[in-house]
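Asks:
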Amino acid sequence: MPLVRRTLLAATTAALARPILVRPVLAQPAWPAGRPIEIVVPFAPGGGMDAMARTIAPFLAARLPGARVIVSNKAGAGGQVGTEAVANAAPDGFTLGACATPTVLSQPIERPVRWHPAELTWLAQVVEDPCGLFVRADSPLRDLPGLLAAARRQPGDLAYGTAGIGGDDHIAALLLEEKAGVRLNHIPFNGTSQILVPLLGGQLDVGAFNLSEALPLLRDRAIRGIALAAPERGAAAPGIPTYREGGVDLAFSAGRGLFGPPRLPEPVRTALEAALAAILADPAWAEAAARAGLILHPLVGAPYREAALGGEAALRALWERHPWKE
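Residue numbering for the sequence shown is -17 to -1, 1 to 309, as defined by mature numbering (1 follows the signal peptide of the UniProt record, and there is no 0).
1) Go to Val69, then tell me how far its alpha helix (DSSP H) extends in each direction, as first and last residue.
2) Are the beta-carbon atoms of Gly115 and Ala197 separated by less than 8 Å?
3) Where do the N-terminal and C-terminal ends of the alpha helix (DSSP H) with Tyr226 fall, by residue?
4) In terms of residue numbering, what span does the beta strand (DSSP E) encompassing Leu282 cover?
5) Using the C-alpha atoms, what's the distance from Asp265 back to Val284?
6) Return the chain-ordered list of same chain residues with a C-beta closer than 6 Å to the C-beta of Ala212, the five sequence neighbours on each side being excluded.
7) Indicate the three-state DSSP secondary structure (helix, strand or coil) for His153 in the structure shown.
8) DSSP three-state call for Thr86: helix, strand or coil?
9) Within 10 angstroms of its Cβ, does His153 collect 16 or more other Cβ (buried), or is it exposed?
10) Under 8 Å by Cβ, that's how I've got Asp126 and Ile209 pegged, so tell me the actual separation to the nearest angstrom.
11) Is the distance from the Cβ of Ile148 to the Cβ of Pro181 below 8 Å?
12) Hey, quick one: how far does the alpha helix (DSSP H) through Trp268 stretch, first residue to last?
13) Assuming the contact rule is C-beta atoms closer than 8 Å, Ala134 and Leu167 should be a hit. Round their C-beta distance to whole Å, please.
14) DSSP three-state call for Ala291: helix, strand or coil?
15) Going by other Cβ atoms of all chains shown within 10 Å of its Cβ, with 16 needed for buried, is Arg299 buried or exposed?
16) Run the CB neighbour count on Glu21, radius 10 Å, all protein chains shown included, and call it buried at 16 or more, exposed below.
17) Mapping the DSSP letters down to three states, classify Ile148 as helix, strand or coil.
18) Based on Cα-Cα distance, which residue from Pro128, Ala50, Pro100 lies nearest to Gly294?
19) Enumerate in chain order the residues of its own chain whose CB-to-CB distance from Trp14 is below 7 Å, with the five nearest sequence positions on each side excluded.
20) For Glu93, which of helix, strand or coil comes out of DSSP?
21) Measure the Cβ-Cβ separation of Arg252 and Thr104 and say whether it is below 8 Å.
22) Note down the Cα distance separating Ala27 from Gly65, rounded to an integer number of angstroms.
23) For a test of the three-state rule: what should DSSP assign to Thr175, helix, strand or coil?
24) For Gly144, which of Ser195, Ile178, Arg18 has the nearest alpha-carbon?
25) Starting from Asp33, follow the alpha helix (DSSP H) in both directions and report where the run begins and ends.
26) Using a Cβ-Cβ cut-off of 8 Å (strictly less than) and excluding sequence neighbours within five positions of Glu256, which residues of its own chain qualify?
27) Rounded to the nearest angstrom, how far is the Cβ of Gly38 from that of Leu277, given a contact under 8 Å?
28) If you compare alpha carbons, which of Val118, Ala271, Ile262, Asn193 is closest to Ala146?
29) Helix, strand or coil: which one does DSSP assign to Thr104?
30) Starting from Val165, trace the beta strand (DSSP E) in both directions and tell me its first and last residue.
31) Work out the CA separation of Leu88 and Pro286 for me, nearest whole Å.
32) Would the beta-carbon of Gly174 fall within 8 Å of that of Ala58?
33) Quick one: what's Ser55 bridged to in DSSP?
Rendered as structure tokens:
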């Protein structure tokens, strides 16, 4: 055997006789450190959607290895600006949005927008928050029948403020007008927090917003609840009657949750849904949500998508009867 061949054979035999050391491949985090996940809230700080996003953000970061989560507010056009920013972001899992139904469904009905609800990646509903009517503590309006009587005496004069045209509170008010046969004066704002100064200052007759957004002011007795569009009275505000108790058969809520851009890759969507499902089942999350006044109704993935898109036909029918352009 030639010398070179004998040498190679000996080296190979010696190598096979030694134990093989394999360095384990470490799992890479789904969200690399250095770039945060951004949750875009399409309204000004201080409203119910902002509270939901800021409460869940640290829980989401804790469930996704390597992730940091920040919340940014991109208000404008009743939520359109922020929603479009998310819907047209790169589908990489680094840009998510907070949204509310029916707003994310109603805006494409009323005007051109840069998203199609059926194409969005519906991740999880977190909150279902009943719409309500609230007045300053010393307001002469005492209950829903009294409010409706005032509206009938002066059609179009009684002013109510909402977080924007086509939002859940605006839609609820339109349904109230339709069912009760009254006409109110709608004043749209850029988020619920913008309503509170004129409401507390007496420049606005009624604030139309969600129960969770009202709870701090109700506790301070700065405002009173006229009625809630809930199916029944709830533990969070047992003293506020429902619309049905006031003679109007109406129940309507905001479903707030998180969504991603269209075409979010399956591994990213699955990881986000799994993280959100674990969060929403965590007792620590329930305690944090209670402190923030969030009214929970969790739906993850396909059930959320089905529930959200299921209301679109009724909104289109309402638009045909009563277009909400202002």
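Quick reminder that beta carbons are idealized off the backbone N, C-alpha and C, glycines included. Just so you know, these numbers come straight off a predicted model, no measurement behind them.
Replies: Let's see:
1) For the purposes of this step, residue 69 is identified with residue 86 of the sequence shown, where counting begins at 1. 63 to 70 is the span of the alpha helix (DSSP H), which, as asked, contains Val69.
2) The residue given as residue 115 occupies position 132 in the sequence shown. The residue given as residue 197 occupies position 214 in the sequence shown. In contact: Gly115 and Ala197 (Cβ atoms closer than 8 Å).
3) Position 243 of the sequence shown holds residue 226. Counting along the chain, Tyr226 falls outside any alpha helix (DSSP H), and DSSP gives it neither H nor E.
4) As a working note, residue 282 is residue 299 in the sequence shown. Unbroken beta strand (DSSP E) run through Leu282: 279 to 283.
5) Sequence index remark: in the sequence shown, residue 284 carries index 301 (1-based). Sequence index remark: in the sequence shown, residue 265 carries index 282 (1-based). According to the sequence provided, residue 284 is Gly. The question's Val does not apply to it. Distance between the alpha carbons of Gly284 and Asp265: 17 Å.
6) Mapped onto the sequence shown, residue 212 falls at position 229. Listed in chain order, the non-local C-beta contacts of Ala212 below 6 Å within the same chain comprise Pro113, Cys114, Ala155, Tyr226, Leu233, Ala234, Phe235, local neighbours out to five positions each way being set aside.
7) For the purposes of this step, residue 153 is taken as the residue at position 170 of the sequence shown. Looking at His153 - three-state DSSP - the assignment turns out to be helix.
8) Position 103 of the sequence shown, counted from the first residue, corresponds to residue 86. Helix.
9) Here residue 153 refers to the residue found at position 170 of the sequence shown. With 16 or more other Cβ atoms from the protein chains shown falling within 10 Å of its own Cβ, His153 counts as buried.
10) One-based indexing of the sequence shown puts residue 126 at position 143. One-based indexing of the sequence shown puts residue 209 at position 226. Yes, Asp126 and Ile209 are in contact; Cβ-Cβ is about 6 Å, under 8 Å.
11) Position 165 of the sequence shown, counting from 1, holds the residue named residue 148. Position 198 of the sequence shown, counting from 1, holds the residue named residue 181. Their beta carbons are not under 8 Å apart, which means Ile148 does not touch Pro181 by this criterion.
12) As a first step, residue 268 must be located in the sequence shown, where it is residue number 285. In this chain, the alpha helix (DSSP H) harbouring Trp268 covers 266 to 274.
13) Translated into the one-based positions of the sequence shown, residue 134 becomes position 151. Translated into the one-based positions of the sequence shown, residue 167 becomes position 184. Contact check for Ala134 and Leu167: beta-carbon distance about 6 Å, within the 8 Å limit, so the pair qualifies.
14) Position 308 of the sequence shown, counting from 1, holds the residue named residue 291. Residue state, collapsed to three classes: helix.
15) In the sequence shown, the residue the question calls residue 299 occupies position 316. By the neighbour-count rule (16 or more Cβ atoms within 10 Å), Arg299 is not buried but exposed.
16) Sequence index remark: in the sequence shown, residue 21 carries index 38 (1-based). With 16 or more other Cβ atoms within 10 Å, it is buried.
17) Along the sequence shown, one-based indexing puts residue 148 at 165. Ile148 falls in the coil class under three-state DSSP.
18) Locating residue 294 in the sequence shown gives position 311, where the first residue counts as 1. Out of Pro128, Ala50, Pro100, Pro100 has the C-alpha closest to the C-alpha of Gly294.
19) Stepping through the sequence shown from its first residue, residue 14 is reached at position 31. Ile20, Leu47, Gly49, Ala50, Gly76.
20) One-based indexing of the sequence shown puts residue 93 at position 110. The answer is helix: DSSP assigns Glu93 an H, G or I state.
21) Taking the first residue of the sequence shown as position 1, residue 252 is located at position 269. Taking the first residue of the sequence shown as position 1, residue 104 is located at position 121. Yes, these two residues count as a Cβ contact at 8 Å.
22) On the sequence shown, position 44 is the one that residue 27 refers to. On the sequence shown, position 82 is the one that residue 65 refers to. The C-alpha of Ala27 lies about 10 Å from the C-alpha of Gly65.
23) Here residue 175 corresponds to residue number 192 of the sequence shown, with the count starting at 1. Three-state result, Thr175: coil.
24) Here residue 144 is taken as the residue at index 161 of the sequence shown, counted from 1. Residue Ile178 is the option with its Cα nearest to Gly144.
25) Looking up residue 33 in the sequence shown gives position 50. Per DSSP, Asp33 belongs to the alpha helix (DSSP H) from 31 to 46.
26) Numbered from 1 along the sequence shown, position 273 holds the residue referred to as residue 256. Excluding sequence neighbours, Glu256 sits near Leu106, Ala107, Val283, Gly284.
27) Counting from 1 along the sequence shown, the entry for residue 38 is found at position 55. Counting from 1 along the sequence shown, the entry for residue 277 is found at position 294. This sequence places Thr at residue 38; Gly is not what is there. The Cβ separation is near 6 Å, so the contact holds.
28) Within the sequence shown, the letter at position 163 stands for residue 146. Out of Val118, Ala271, Ile262, Asn193, Asn193 has the C-alpha closest to the C-alpha of Ala146.
29) For the purposes of this step, residue 104 is taken as residue 121 along the sequence shown, with counting starting at 1. It is a strand residue.
30) Within the sequence shown, the letter at position 182 stands for residue 165. Premise fails: Val165 is in no beta strand (DSSP E) and is neither H nor E.
31) Reading the sequence shown from its first residue, position 303 is the one you call residue 286. Reading the sequence shown from its first residue, position 105 is the one you call residue 88. Cα to Cα, Pro286 sits roughly 16 Å from Leu88.
32) If you number the sequence shown from 1, residue 174 lands on position 191. If you number the sequence shown from 1, residue 58 lands on position 75. Contact flag set, yes.
33) Numbered from its first residue, the sequence shown carries residue 55 at position 72. In DSSP, Ser55 forms a bridge with Val23.
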